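Since the structure comes first, as structure tokens, the remarks are kept for the end.
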Amino acid sequence: EAGVAQSPRYKIIEKRQSVAFWCNPISGHATLYWYQQILGQGPKLLIQFQNNGVVDDSQLPKDRFSAERLKGVDSTLKIQPAKLEDSAVYLCASSLDVAGVRDEQFFGPGTRLTVL
Amino acid sequence: AQSVTQPDIHITVSEGASLELRCNYSYGATPYLFWYVQSPGQGLQLLLKYFSGDTLVQGIKGFEAEFKRSQSSFNLRKPSVHWSDAAEYFCAVAWYSSASKIIFGSGTRLSIRP
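So, in structure tokens, the structure goes:
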């Protein structure tokens, strides 16, 4: 079974530029998550989708971050404009929608963003 | 407030030695508990989880963890580590509610001494 795919793997931009990340979850997984992992910290949930609806975006900085999952499959996360503190690894994960928070989340390899 | 603490930032053990990684959580309700491993350049992989029942849970790669309610702890153990176990380990907690999400600890980096 194919895992969660993310691209690009690495991205370097200057502050105030925009950037977009793409995620393709495991086939059949209804729930998709975007996490931000700053160096030396654990992942922090930015947004959770169930199919193409938003379940939780309470920790998404909505003035600069946006995410969509238009057809309930692939998802994109965008930052515009980027700040230095956005330097982090952005992880995408997916899970079946069977047992809520108890469902196993499967993680992609992440996109490492460096903002100069 | 709900939180997860991994007090050890970095641990080094010799190959073949036993391992225990510590995890403590706050908040009174019975939690759902997880341990994930992250190898360099890879995503997180679930090692084991606890929801209810037997407080000693077995996971993949020879790992186990024990839930101790009185200590609010969920420590990860392995009797004999291998060089391939070198990685970052994250404890994570969730609490039952309609709006629950997983909260991750800050991680413990494990190095293996040959």
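As they're listed, the protein sequences go chains A and B.
Residue numbers for the first sequence follow my numbering, so the first one is -7 and each next one is one higher.
Residue numbers for the second sequence follow my numbering, so the first one is 375 and each next one is one higher.
C-beta: ideal position from N, C-alpha, C; glycine also.
Since we're looking at a predicted model, the values are computed, not measured.
Confirm, please, whether the CB-CB distance from residue j to residue i is below 8 angstroms.
i, j, result
"residue 108 (chain A)", "residue 78 (chain A)", "no"
"residue 423 (chain B)", "residue 93 (chain A)", "no"
"residue 37 (chain A)", "residue 48 (chain A)", "yes"
"residue 103 (chain A)", "residue -2 (chain A)", "yes"
"residue 458 (chain B)", "residue 384 (chain B)", "no"
"residue 56 (chain A)", "residue 71 (chain A)", "yes"
"residue 11 (chain A)", "residue 18 (chain A)", "no"
"residue 74 (chain A)", "residue 1 (chain A)", "no"
With H, G and I counted as helix, E and B as strand and the rest as coil, what does DSSP make of residue i?
i, result
"residue 423 (chain B)", "strand"
"residue 444 (chain B)", "helix"
"residue 62 (chain A)", "coil"
"residue 94 (chain A)", "helix"
"residue 36 (chain A)", "strand"
Spatial neighbours of residue i within its chain, please: C-beta separation below 6 angstroms, excluding the five flanking residues on both sides.
i, result
"residue 462 (chain B)", "412, 481 and 483"
"residue 379 (chain B)", "398"
"residue 400 (chain B)", "377"
"residue 91 (chain A)", "none"
"residue 446 (chain B)", "398 and 399"
"residue 419 (chain B)", "411"
Excluding five sequence neighbours on each side, which residues of the same chain lie with their C-beta closer than 8 angstroms to the C-beta of residue i?
i, result
"residue 414 (chain B)", "461"
"residue 29 (chain A)", "35, 36, 80, 81, 82, 83 and 102"
"residue 466 (chain B)", "378, 407, 408, 409, 410, 476, 477, 478 and 479"
So residue i and residue j are supposed to be a Cβ contact under 8 angstroms. How far apart are they, rounded?
i, j, result
"residue 41 (chain A)", "residue 24 (chain A)", "5 angstroms"
"residue 393 (chain B)", "residue 448 (chain B)", "With 8 angstroms as the limit, residue 393 (chain B) and residue 448 (chain B) do not qualify as a contact, their Cβ atoms being about 15 angstroms apart."
Residues in the same chain with beta-carbon distance under 7 angstroms from residue i, minus the five sequence neighbours each way, listed in chain order, please.
i, result
"residue 96 (chain A)", "87"
"residue 64 (chain A)", "43 and 44"
The region 409 to 423 of chain B: which residues have C-beta closer than 9 angstroms to a C-beta of chain A, in chain order? 410, 412, 415, 416, 417, 418, 419, 420 and 423
Proximal residues, the region 55 to 71 of chain A versus chain B, C-beta separation under 8 angstroms = none
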